[in-house]
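Just below is one structure, and these are the notes that go with it.
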Amino acid sequence: MKQKPGWVLPDLKEAQKRTTNTIDRIDTFTIPEVARMMGRGKTYFISTYGCQANERDSETLAGILDELGFTPNETAEGSDVIIINTCAIRQNAEEKVLGEIGNFKRLYRENKDLIIGVCGCMAQEEGLVETLLTKYPQVRLLFGTHNIQELPSMLYSCMFEGKKVVKIYSKEGEVYENLPVHRFGTFKAWVNIMYGCDKFCTYCIVPYTRGKQRSRKMSEILKEVQELKDEGYKEITLLGQNVNAYGKDMDNEQDFATLLEEVAKIGIPRVRFTTSHPWDFSEQMIDVIAKYDNIMPFIHLPLQSGDDDVLKLMGRRYTKESYLALYDKIINTIPNVAVSTDIIVGFPNETDEQFEHTLDVVRYCKYDNAFTFIFSARPGTPASRMHDSIDMETKRKRLARLNKTWNDLALEKNKAYIGRTVTVLVDGPSKKDENVYSGYTDTQKLVNFKGENLQAGDFVEVKILDAKTFSLDGVAV
Ligand code: 5AD
Ligand code: SF4
């Protein structure tokens, strides 16, 4: 690809590196003098794809844009700056993003001053950046997951110096503590506890796009949670690619069980966390979750596969047996707990028998929710280099069977709620009917219910009258 002066292009080999270098923890973010108020009278729109880490990053992007004097816009149409925060986890996620960027071409044709920026995980990929630079001239700003904090100067170069800015670092990363945040939720908030991932599961691109595991200091996390409590937030979710490895990258090793307990003690009504890896899930964690009423009895426990040989090829570090032992411990210790999972079908050369082993685990665990995917080869990952003899048709059939299996079991589980009264944190009224509200139970079940004069952020008791696969129906009591 043609390199231009000042551009920094992604480098997969660099992104793969892990050293024992200490991570810089930086709290010196300031807006450069020239960029101050550069957004006065201008608007922005952020489109976010992918996981909660991206949602939280978009809140930082919005926070920075607010500080530059921009105002948020409800739509891309009519905005002066559009930023697309992208996801690279599977190819279909990328295709969706490219489709949207393609649609924005029209807006660029109508307004040549429009700045379209692309950031997030796709920007960390060598091949994709090449595609964006060659086929999407409307993209004038490309930056990665490691330099969000440089948005003011990058945007300034685009807007006032007419430059196309491409700045994507492929380093291990650092931790920024004082970036501004514009929270999109008024009563639910995301709290990063760590960045990056060092697990290198063989199918996964995240360790390359988000760098080395970097935990935030416990004192900083607790300070943020306390602030959220003081501002009246009702629910927080602690975020990390692998929260139970929290602290393992720090000198004075801290652990997630201790952090979770300290967070719970602050007293926000609902504390959640995601995602946990079955490998680092400690008994202390289970005990802490069981001990505190405000830690929600809901655990996302990605299985990926129920076959030991496939798990080994995936680099998952657990077996079906050890996974099930952990599952048993969780459901036997935490009252009323719900468990969800992630599963990949069609990993290279997965046999019918191996797929059956996955179904066996699904039947045993009767997940409350499952996110199921067909394996997608991600550039640079070991699994993408494996020869694969399984055709797509077989993979699609497996996915359909897997979905039918977990859906039927989830419906059975939901039916057990009928007649029970549960506490729901209200999200708001439905768009169609102002007397129908929705919200979530402590076990993260979506509830649609009849009620009156309720506000988003209220807790309400709801009697469950009916159950579907993905939601419950009820009435406020
Ligand atoms: N193909 C399919 N699914 C994947 N996931 C991660 N990488 C891939 C891939 N290459 C799934 C895993 C993970 C979830 C976030 O996305 O199940 O837990
Ligand atoms: Fe990807 Fe595995 Fe890290 Fe999860 S734990 S982000 S699946 S490498």
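Numbering (the UniProt record's numbering), first residue to last: 1 to 477. Quick reminder that beta carbons are idealized off the backbone N, C-alpha and C, glycines included.
{"Query": "Starting from the C-beta of residue 35, find all residues in its chain whose C-beta is less than 8 angstroms away, skip the five residues before and the five after it, and write them out in chain order.", "Result": "68, 152, 153, 155, 156"}
{"Query": "In three-state terms, what does DSSP make of residue 466?", "Result": "strand"}
{"Query": "By a C-beta neighbour count over all protein chains shown, 10 Å radius and 16 as the cutoff for buried, is residue 26 buried or exposed?", "Result": "exposed"}
{"Query": "By DSSP's criteria, residue 440 is part of a beta bridge. Which residues make up the other side?", "Result": "425, 446"}
{"Query": "What number of angstroms, rounded off, separates the C-alpha of residue 298 from the C-alpha of residue 331?", "Result": "10 angstroms"}
{"Query": "For the alpha helix (DSSP H) holding residue 311, just list the boundary residues, first then last.", "Result": "308-314"}
{"Query": "Kindly identify the DSSP beta-bridge partner or partners of residue 257.", "Result": "DSSP, once it has assigned bridges, lists no residue as partnering residue 257."}
{"Query": "Taking 6 angstroms as the limit, name every residue whose beta carbon sits nearer than that to some heavy atom of the ligand SF4, in sequence order.", "Result": "197, 199, 200, 201, 204, 206, 207, 241, 242, 277"}
{"Query": "With DSSP collapsed to three states, give me the class of residue 243.", "Result": "helix"}
{"Query": "Can you determine whether any heavy atom of the ligand 5AD sits closer than 6 angstroms to the C-beta of residue 375, and answer yes or no?", "Result": "yes"}
{"Query": "Does the beta-carbon of residue 299, which I'm using as the reference point, lie nearer than 6 angstroms to any heavy atom of the ligand 5AD?", "Result": "no"}
{"Query": "Quick check: what's the CA-CA separation for residue 118 versus residue 142?", "Result": "5 angstroms"}
{"Query": "In whole angstroms, give me the CA-to-CA distance for residue 282 and residue 257.", "Result": "8 angstroms"}
{"Query": "When the Cα of residue 161 is compared with those of 38, 278, 264, 186, which residue comes out closest?", "Result": "38"}
{"Query": "Who pairs with residue 304 in a beta bridge, going by DSSP?", "Result": "343"}
{"Query": "Since I believe residue 120 is in contact with residue 193 (beta carbons under 8 angstroms), could you give me their beta-carbon distance rounded to a whole number of angstroms?", "Result": "Not confirmed; about 20 angstroms, so no contact."}
{"Query": "CB of residue 90 to nearest heavy atom of the ligand 5AD: below 6 angstroms?", "Result": "yes"}
{"Query": "What three-state label does DSSP hand residue 336 in the structure shown?", "Result": "coil"}
{"Query": "Tell me whether the beta-carbon of residue 207 lies closer than 7 angstroms to the beta-carbon of residue 124.", "Result": "no"}
{"Query": "To the nearest angstrom, report how far apart residue 446 and residue 472 are at their CA atoms.", "Result": "6 angstroms"}
{"Query": "Rounding to the nearest angstrom, what Cα-Cα distance links residue 40 and residue 53 in this structure?", "Result": "29 angstroms"}
{"Query": "List the whole-angstrom C-beta distance separating residue 443 from residue 338, where the pair is believed to meet the contact cut-off of C-beta under 8 angstroms.", "Result": "4 angstroms"}
{"Query": "Let me check one thing: in DSSP terms, what residues is residue 10 bridge-paired to?", "Result": "Beta-bridge pairing links residue 10 to no other residue."}
{"Query": "Spatial neighbours of residue 70 within its chain, please: C-beta separation below 7 angstroms, excluding the five flanking residues on both sides.", "Result": "39, 42, 43, 44, 81"}
{"Query": "Can you tell me whether DSSP reads residue 238 as helix, strand or coil?", "Result": "strand"}
{"Query": "Where does the unbroken alpha helix (DSSP H) through residue 158 begin, and where does it stop?", "Result": "151-160"}
{"Query": "Decide yes or no for the touch test of the region 334-349 against the region 177-193: beta carbon pairs closer than 8 angstroms, at least 3 of them.", "Result": "no"}
{"Query": "Please determine whether the Cβ atom of residue 66 lies at a distance below 6 angstroms from any heavy atom of the ligand 5AD.", "Result": "no"}
{"Query": "Quick one: is residue 146 buried, meaning 16 or more other Cβ sit within 10 Å of its Cβ, or exposed?", "Result": "buried"}
{"Query": "Using the C-alpha atoms, what's the distance from residue 380 back to residue 14?", "Result": "12 angstroms"}
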